[in-house]
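Heads up: the protein sequence lines correspond to chains A and B, in order. Residue 77 is where the first sequence starts when you use this note's numbering, and the numbers rise one by one after that. Residue 193 is where the second sequence starts when you use this note's numbering, and the numbers rise one by one after that. We treat Cβ as the ideally placed atom computed from N, Cα and C, and that holds for glycine.
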Amino acid sequence: MTVTNSNGNADSATATITRAVPRVKTLKELAAQEEREKRFQGGHSLCAGCSIPVMVRSVLNTIDIPVVVVNATGCLEVATTRYPTTAWNVPWLHVAFENAAAAASGVEVAFRVLKRKGRTAQELGFELPGEVRVVVFGGDGGTYDIGLQALSGALERGHRFTYICYDNEAYMNTGNQRSGATPPLAHTTTTPVGRESLGKLQQRKDLTEIAVAHHVPYVAQASISHWQDLVRKVEAALRADGPSFLNVLAPCQRGWGYEPCLTVEIARLAVETRFWPLYEVVEGEYRLNALPKKPKPVSEWLKTQKRFAHLLKPENRHLLDELQLQVDREWEKLLRRCEGRVLEV
Amino acid sequence: MAKKVLMGNHAVSYGARLSRVEVIAAYPITPQTQVVEELAEMCAWGDLNAKFIKVESEHSAMAACIGASATGARAFTATSSQGLLLMHEMLHWAAGARLPIVMANINRALAPPWSIWSEQTDSLAQRDTGWLQFYCESNQEVLDTTIQAFKISERVLLPAMIILDAFFLSHTYEPVEVPAQEAVDEFLPPYKPPLKLDVDDPHAFGALVGPDGYYEFRYNIQKAFEEAQRAIIEVGEEFGERFGRAYGLVEPFYVDDAEVVLVTSSTITSTARAVIKERRARGERVGLLKIRVFRPFPFEAVREMLLGVPKVAVIDRNLSLGHHGIFHAELKSALYGQRNAPAVFGFVAGLGGRDVTPRTIHQILDIVGSQEEPDRDVYWIGLKAKAEEGQPAGNGRKQRQRVKA
């Protein structure tokens, strides 16, 4: 881990950062963590090469206190709880598509009030845990779009919960329709490339920034490709005294159009091309978590996926340039916000 | 026990407080606001040991209640009209998940045209969501029903809706007996959830169920509604023994020898009761049947009361557009094909909060008295003349002319 500030000096700012962030775990430690109690089991019906279970397992295995999971409708929900089976070894609640954050609010408050009232095991018929974490998983459809209001409300109310968006950049559960997270010019089944169309013609919503605007203690952008970074962010999120939000890039081999074995590699390329910067915002302070030494052009990432195939045609060169310009612009903006604070894993 | 003068909305809050609700999640809407304001005060002063989640919408209010109830807390909310409609999806969810959430709904007309006044169509549009529905006539009944609703819901694992008329009850002050907390505690023990988010015994709630299982889930809910009929009767009787006010599915008034029986719900009942009294004094054989519980629909009770009565007139402050008044339609379905079934007249009255006065009730009784059978599907009472000609009534027409000019 390197911690530097704008001057490159280890000063008080660095010390603050070190205090606020959990220690980065070694790969060995992470491997041991995976061997522990399996809070999320195999046997579910998510696709081969799907990044979502990778992310869920990493997240749950990082938490060593009792957890309740609230899950928005989506791939993860539908593929992991086909009655009478479940892949979850933790209490799990699904309450529709658009309101996972609202349902989580109720769960979080109920645990607090039951505890405060000192409701006994005899009264309740079960022992209340001393401490419990409410973790929400929702896809980009359930978070960027239909669930945005419920998320915003729950963030604003300050519930102590961690919302994790697995962003696969479209409505993948229903077969790849565009969402507010779909990047410009991507082909989806509702923004098909055709004689009169070049894919999605609009920008992507910056959900991470929307979460930051709620002034919550911890917001981060992560990727399934950066395991140590993701695990550290989960730990930081759980420590936050209030709501925390993680936006995790989660490639979808079916929707994006690549070989299932390339999931992690493609997620990594998104970071290395600066399409998906890794950063965190702790109590309003931005820190960059990946500073690619030799950033690759965004075309390196786009060309791995069928949804962008049309952009590689010579006649669409200008579109590719435009996309690169956008990525550069966003990167510069982020650098300015970070003011030189870099915390790389 | 203490007597207080309470508005209907505060009767709801007192009922919730006496029931020791633990999580409240609500969003303000006229004419419900005093319910949640009073509960917020109770929480603020420590009179109620609960958490009030001030959610950002009614949809989230119900979602949060679902989360809280699934965790094992006694959950409560209140809403009205547009708010109830926004909740619709979650209403099905609460019932399907078998969570004993209790909600008060203040009956208010639906827009457009924009209205804040009383009408039952908002709650009746939720009749297929799997909620128990109680239509209250007085503030006392509101308070008493709130307490009973928790006991009934927690026994049969179905959510319950307590329903009261906008303004006619919600904002009207009446003397209300407020039972002592200890007495209510004896009647309503703490909620012991059979299903909950238990970290020591984890289960998944809201799973995907294929055609091989869904059918049985629905059958079980239907069975719970049958059990709810018994629960409502037993809990209503027990309440009567403890507090001196018994409740049932329906409430008859001079039905036994009646030649004409009015069927009503909510506050129209009180007005109708006064008219029936007056006509009885004149020697007319008229009676009244109040329907208190709309879900489960009291088929047996209604048949027991009405079979053999020559004529029945249903007054609906609600309308299923393109069909009939909703109590009217459902009552006919309960009586259809039965021996000695009465002729059933359907009257739509008081939509959008228009007063249903003794005069309106007299008009209805006069119409029913003058003919053996209804000569139309639905009778509209007090319709303004312009509307009857197919024109918008009153100032609607004037506005149009102004626009033209």
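Return no unless some Cβ of chain A is closer than 9 Å to the Cβ of residue i.
i	result
GLY402 (chain B)	yes
ARG433 (chain B)	A quick correction: the sequence has Glu, not Arg, at residue 433 (chain B). No, GLU433 (chain B) does not count as interfacial toward chain A.
CYS328 (chain B)	no
LYS590 (chain B)	In this prediction, LYS590 (chain B) has a pLDDT of 48, which is less than 50 and means its spatial position is unreliable; what the coordinates show is noted afterwards. So no, LYS590 (chain B) is outside the interface.
ASN587 (chain B)	Low confidence applies here, because ASN587 (chain B) scores a pLDDT of 46, under 50, leaving its location unreliable; read the following figure in that light. Not closer than 9 Å to any Cβ of chain A, the Cβ of ASN587 (chain B) fails to qualify, so no.
HIS280 (chain B)	no
ASP567 (chain B)	no
THR263 (chain B)	yes
SER171 (chain B)	Residue 171 (chain B) is absent from the model: chain B starts at 193 and stops at 597.
GLU233 (chain B)	no
ASP393 (chain B)	yes
PRO351 (chain B)	no
ASP377 (chain B)	no
ALA577 (chain B)	no
At what residues does the beta strand (DSSP E) containing residue i begin and finish?
i	result
ARG209 (chain A)	209 to 215
ASN323 (chain A)	320 to 325
LEU316 (chain B)	No beta strand (DSSP E) holds LEU316 (chain B); the alpha helix (DSSP H) holding it covers 313 to 316.
TYR327 (chain B)	324 to 327
MET199 (chain B)	194 to 199
GLU443 (chain B)	442 to 445
ASN147 (chain A)	143 to 147
GLU420 (chain A)	418 to 420
Using the rule of at least 16 other Cβ atoms within 10 Å of the residue's Cβ for burial, across every protein chain shown, is residue i buried or exposed?
i	result
SER181 (chain A)	buried
ALA473 (chain B)	exposed
ILE141 (chain A)	exposed
HIS202 (chain B)	buried
ALA597 (chain B)	A caution first: ALA597 (chain B) carries a pLDDT of 38, below 50, which makes its placement in the model too unreliable to give a value.
GLU492 (chain B)	exposed
TYR165 (chain B)	Here chain B covers residues 193 to 597 and nothing more, so residue 165 (chain B) does not appear.
GLN414 (chain B)	exposed
GLY428 (chain B)	buried
SER330 (chain B)	buried
LYS276 (chain A)	buried
CYS241 (chain A)	buried
MET353 (chain B)	buried
DSSP beta-bridge partners for residue i?
i	result
ASN297 (chain B)	B:THR271 and B:ILE355
LEU454 (chain B)	B:LEU480 and B:ALA505
SER424 (chain A)	Lying outside 77 to 421, the shown extent of chain A, residue 424 (chain A) is not represented and no answer is given.
ILE245 (chain B)	B:ALA217
ALA535 (chain B)	B:LYS503
ARG363 (chain A)	A:GLU356
ALA396 (chain B)	A:TRP168
PRO367 (chain B)	B:VAL197
THR267 (chain A)	A:THR264
VAL130 (chain A)	Answer is none; VAL130 (chain A) lacks a bridge partner.
Is residue i a contact residue of the ligand NAP, with contact defined as CB to any heavy atom under 8 Å?
i	result
GLY223 (chain A)	The ligand NAP is not part of the structure shown, which contains no ligands of any sort.
Does any C-beta atom of chain B lie closer than 9 Å to the C-beta of residue i?
i	result
LYS193 (chain A)	yes
TRP332 (chain A)	no
PHE116 (chain A)	no
TYR247 (chain A)	no
GLU105 (chain A)	no
GLU359 (chain A)	no
ALA289 (chain A)	no
THR78 (chain A)	Its pLDDT being 40, under 50, THR78 (chain A) is placed unreliably in this model, and the coordinates cannot settle the point.
THR284 (chain A)	no
PHE351 (chain A)	no
PHE384 (chain A)	no
Following the continuous alpha helix (DSSP H) through residue i, name the residue where it begins and the one where it ends.
i	result
VAL570 (chain B)	Per DSSP, VAL570 (chain B) belongs to no alpha helix (DSSP H) and is neither H nor E.
ARG192 (chain A)	176 to 192
PHE435 (chain B)	406 to 435
TYR242 (chain A)	From DSSP, TYR242 (chain A) is part of no alpha helix (DSSP H) but of the beta strand (DSSP E) over 237 to 243.
HIS251 (chain B)	250 to 263
ARG487 (chain B)	Note, ARG487 (chain B): premise wrong, no alpha helix (DSSP H); beta strand (DSSP E) at 485 to 487.
ALA246 (chain A)	Counting along the chain, ALA246 (chain A) falls outside any alpha helix (DSSP H), and DSSP gives it neither H nor E.
Inspect the CB distances between the stretch 152 to 166 of chain A and the stretch 387 to 400 of chain B and report whether three or more fall short of 8 Å.
-> Three or more beta-carbon pairs drawn from the stretch 152 to 166 of chain A and the stretch 387 to 400 of chain B are found closer than 8 Å, and the two stretches are therefore classed as touching.
Assess, as a yes-or-no matter, whether the stretch 367 to 380 of chain A is touched by the stretch 334 to 350 of chain A under the definition of 3 or more beta carbon pairs within less than 8 Å.
-> Contact holds: three or more Cβ-Cβ distances are below 8 Å.
Taking 8 Å as the threshold, find out whether the stretch 402 to 411 of chain B comes into contact with the stretch 360 to 380 of chain B through three or more Cβ pairs.
-> Judged by Cβ distances under 8 Å, the stretch 402 to 411 of chain B makes no contact with the stretch 360 to 380 of chain B, as fewer than three pairs qualify.
Determine, using beta-carbon pairs with one atom in the stretch 219 to 233 of chain A and one in the stretch 241 to 253 of chain B, whether at least three such pairs fall under 8 Å.
-> Counting Cβ pairs under 8 Å, three or more are found: they touch.
Is the number of C-beta pairs between the stretch 299 to 317 of chain B and the stretch 373 to 389 of chain B that are closer than 8 Å three or more?
-> Segments in contact, no.
Spell out a yes or no on whether the stretch 352 to 362 of chain B and the stretch 122 to 135 of chain A are touching, meaning 3 or more CB-CB pairs, one atom from each, closer than 8 Å.
-> No, the stretch 352 to 362 of chain B does not touch the stretch 122 to 135 of chain A.
Using 8 Å as the threshold, is the stretch 261 to 272 of chain B in touch with the stretch 210 to 219 of chain B, meaning 3 or more CB pairs across them?
-> As far as the Cβ criterion goes, the stretch 261 to 272 of chain B touches the stretch 210 to 219 of chain B, which means the pair count is three or higher.
Given 8 Å, three or more beta-carbon pairs between the stretch 308 to 325 of chain A and the stretch 98 to 114 of chain A | In short, these stretches touch, since the Cβ pair count reaches three.
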